[in-house]
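Be aware that the sequence shown starts at 2, since it is given in my numbering, and climbs by one per residue. Here the structure is laid out as structure tokens; the discussion comes afterwards.
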Amino acid sequence: MLRAAYGLPLAPQQQEAFKAVAGGRLAPTNRVKELWAVAGRRSGKSRVAAAIAVAVATVEKHLLAPGEIGFVLVLSATVAQAHVVFSYAKAFLEESPVLRHHLIDATKSELRLTGNIIIGTHPNSFRSVRGRSLLAVICDETALWRDDSSANPDLEVYRAVKPALIASGGPLIGISSPYRKLGLLYNRHRDYFGVSDPNVLVVQGASRSFNPLLDEVGINAALADDPESSRAEWEGEFREDIAAFLSDADIDQCVDHDRPLELPPRNGIRYFAFADPSGGRHDAFCLAIGHREDERVVIDVLRGQMPPFDPHEIVREHAAVLKGFGLRELVGDNYSAEWVSTAYKSAGIRYVRSDVPKGRMYLENLPAFTRRTVSLPDHPTLLRELRLLERRTHVGGKDTVDHGRTGSDDFCNAVFGVLHSCSMKRQTLRYGTIGTPNANGVHQFNELDPKTGRPISRDPYRNPLSSEFNGCVTGKGPDAELSLFNAQRGIMRRIR
């Protein structure tokens with residue numbers, strides 16, 4: 002693979018091996034500008050990334066101006082993965098009698114070499130790579146990159162490093178296990194795999210194609226136990242059972258860029274609220290408030306506190322916001338800790354655990370995005386979480402929706418909770434005899450909660466013919482027939 006990427010001649014046996022992982026394309030005759038390797042787990046990706054970085058930094062010749070520092074960057078998904086690549090690169094230099102004289106100094110993440118060249122191993126960040134003279138960029142596990150400020154960190158990094166690589170003529174190399182069919186790795190595979198392009202080479206292969214020492218029996222057992230996941234892990238195939246839950250077009254069309262981040266409360270509007278609590282260590286503590294306008298649902302307020310924080314202080318802040326919108330009740334995620342209900346109760350808010358799991362809320366309220374009947378604030382964290390939601394199809398055809406491996410959906414959960422609450426019509430069933438007083442001369446009227454079937458306590462002396470019961474008509478006796486709200490006589494059913 003590396004010989005082909007550098008345009009070196011291949012022996013007949015190497016030609017066959019190359020075609021097997023390159024989709025049958027012809028080997029390049031010159032060094033390609035981009036190399037993308039889609040490989041399974043334990044295929045030596047991090048070690049190869051380190052080897053390429055050392056080769057570019059020590060073997061190739063670079064023209065640098067006096068005082069200019071050339072960087073060979075290895076960007077990984079996490080700090081821990083970056084350290085793995087760093088350890089490999091440092092070992093290559095220290096253990097080689099030919100290369101060790103190039104190493105001048107080593108820090109926690111950089112290797113300083115002769116000729117004003119630095120090998121840097123860092124977590125991916127499109128901000129930190131700008132303003133450097135880049136001799137090469139090696140992207141490790143790009144399919145699994147995550148960033149709190151972007152839904153597409155791989156694309157952002159690519160855009161940030163490409164101008165510097167064009168200036169230096171250096172290569173861009175991406176090495177990763179596949180994941181879902183989204184992102185820069187998948188786009189490059191879709192457009193260039195099997196295509197004899199002189200500038201871009203894409204190879205794809207199973208773990209054993211790159212590392213034949215792996216246990217074949219163990220891999221086959223994993224494939225039999227979990228075919229979909231194992232095909233991505235060991236066979237190097239993009240997952241068919243995971244897809245983006247929402248398209249970028251659906252999300253963008255639902256964002257109101259002209260409104261402020263929060264809308265003030267208005268009189269005569271019925272608001273709904275949903276919270277996604279957190280203990281303050283790992284997840285965000287989020288609150289969303291919204292209302293319905295005809296067929297549209299407007300998210301008026303969306304707040305979230307990232308950890309660490311004092312959860313009781315957040316509850317008090319939420320209570321003040323809720324009371325400002327005339328709310329004394331809050332629906333929330335079925336959070337296990339009992340302190341959530343107690344804390345909200347002490348702040349004057351009744352906390353009701355949602356009886357609908359979040360995956361079901363996501364699926365049931367998907368039409369709100371496809372029909373553009375939701376108005377969202379231009380909230381960066383919310384939009385990033387929406388773009389990263391994954392829809393999984395399980396054996397038997399059941400779909401679930403959740404965040405990815407290292408993502409989060411706290412803001413999404415709060416918004417979809419409000420969408421669910423706004424879509425539920427509150428119903429009550431009222432029955433009694435209207436126009437016929439009881440023994441004490443008082444009109445008797447009862448009301449049932451449709452969820453529990455139990456009577457709702459009301460003041461028995463309230464006049465049922467007041468404005469609260471507009472539309473009621475008097476019946477002729479206790480045997481009047483049950484009818485709907487717009488019935489002309491008898492006992493009434495009213496939907497509020």
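From the three backbone atoms N, C-alpha and C, an ideal C-beta is built for every residue, glycine too.
Assuming contact is defined by CB atoms lying nearer than 8 Å, are residue 9 and residue 58 in contact in what I supplied? No, the pair does not count as a contact, with Cβ atoms beyond the cut-off.
Assign residue 401 to one of three DSSP states: helix, strand, or coil. Here residue 401 sits in strand by DSSP.
What is the DSSP secondary structure of residue 140, counted as helix, strand or coil? strand
Determine the DSSP secondary structure at residue 171, reduced to helix, strand or coil. coil
In the DSSP assignment, what are the bridge partners of residue 235? Listed as beta-bridge partners of residue 235 by DSSP are no residues whatsoever.
Do we get a CB-CB distance below 8 Å when we pair residue 394 with the residues of chain B? You won't find chain B in this structure, because it holds only one protein chain.
CB-CB under 8 Å to residue 123, same chain, minus the five flanking residues each way: which ones, in chain order? 74, 75, 76, 77, 83, 110 and 129
Unbroken alpha helix (DSSP H) run spanning residue 371, endpoints: 367–371
Any idea which residues DSSP pairs residue 37 with across the strands? 175 and 203
Straight-line Cα distance separating residue 361 from residue 409: 17 Å
Using the beta-carbon count (16 or more within 10 Å), is residue 321 buried or exposed? Result: exposed.
Other residues of its chain near residue 344: CB distance less than 6 Å, five sequence neighbours each side excluded: The answer, listed in chain order, is 313 and 316.
Going by DSSP in three states, residue 277 sits in which element: helix, strand or coil? strand
Since I believe residue 255 is in contact with residue 370 (beta carbons under 8 Å), could you give me their beta-carbon distance rounded to a whole number of angstroms? 6 Å
Option nearest residue 328 by Cα separation, candidates 42, 222 and 266: Ranking 42, 222 and 266 by CA distance to the CA of residue 328 puts 266 first.
Judging by CA-CA distance, which residue of 244, 153, 289 and 55 is the nearest neighbour of residue 119? 55
Could you give the distance in angstroms between the alpha-carbon of residue 105 and the alpha-carbon of residue 283? 40 Å
Specify whether the segment 19–27 and the segment 91–106 touch according to this definition: at least 3 beta carbon pairs, one from each stretch, less than 8 Å apart. Too few Cβ pairs lie closer than 8 Å, so no.
Using 8 Å as the cut-off, can you tell me whether the segment 372–388 makes contact with the segment 256–265, which would need three or more C-beta pairs spanning the two stretches below that distance? A contact exists between the segment 372–388 and the segment 256–265.
Give a yes or no on whether the C-beta atoms belonging to residue 136 and residue 171 are separated by under 8 Å. Yes, these two residues count as a Cβ contact at 8 Å.
What are the boundary residues of the beta strand (DSSP E) that residue 55 is part of? Not the beta strand (DSSP E): residue 55 falls in the alpha helix (DSSP H), residues 46–59.
Measure the Cβ-Cβ separation of residue 233 and residue 239 and say whether it is below 8 Å. yes
Suppose the cutoff is 8 Å on Cβ atoms and the five residues either side in sequence are ignored; what does the same chain contact list for residue 292 look like? Listed in chain order, the non-local C-beta contacts of residue 292 below 8 Å within the same chain comprise 270, 271, 272, 273, 298, 299, 301 and 423, local neighbours out to five positions each way being set aside.
Sorted by chain position, which residues of the same chain lie with C-beta nearer than 8 Å to residue 223's C-beta, five sequence neighbours on each side aside? 231, 234 and 235
DSSP state of residue 127, grouped into three classes? coil
Rounded to whole angstroms, what is the Cα-Cα separation between residue 250 and residue 91? One Cα belongs to residue 250, the other to residue 91, and the distance between them is close to 45 Å.
Tell me the residue span of the alpha helix (DSSP H) that contains residue 92. Following the DSSP letters along the chain, one finds residue 92 inside the alpha helix (DSSP H) bounded by residues 80–96.
On the criterion of 16 or more Cβ atoms from any shown chain inside 10 Å, does residue 220 qualify as buried, or is it exposed? buried
May I have the straight-line CA-CA distance separating residue 5 from residue 205, to the nearest angstrom? Residue 5 and residue 205 have their alpha carbons spaced roughly 14 Å apart.
Beta-ladder partner(s) of residue 105, from DSSP: DSSP lists no partner for residue 105.
Counting Cβ pairs, one atom from each stretch, are 3 or more of them under 8 Å apart for the segment 187–197 and the segment 211–220? Short answer: they don't touch.
DSSP three-state assignment for residue 420, whether helix, strand or coil: helix
Reference residue 418, options 145, 31, 277 and 216, closest by Cα: 277
Whole-angstrom distance between residue 133 and residue 116, CA atom to CA atom: 16 Å
Quick one, which of 18, 201, 101 and 103 has its alpha-carbon nearest residue 32's? Selection 18, 201, 101 and 103 evaluated against residue 32 yields 201 as nearest (Cα-Cα).
Got a sec, what are the start and stop residues for the alpha helix (DSSP H) residue 325 sits in? 312–325
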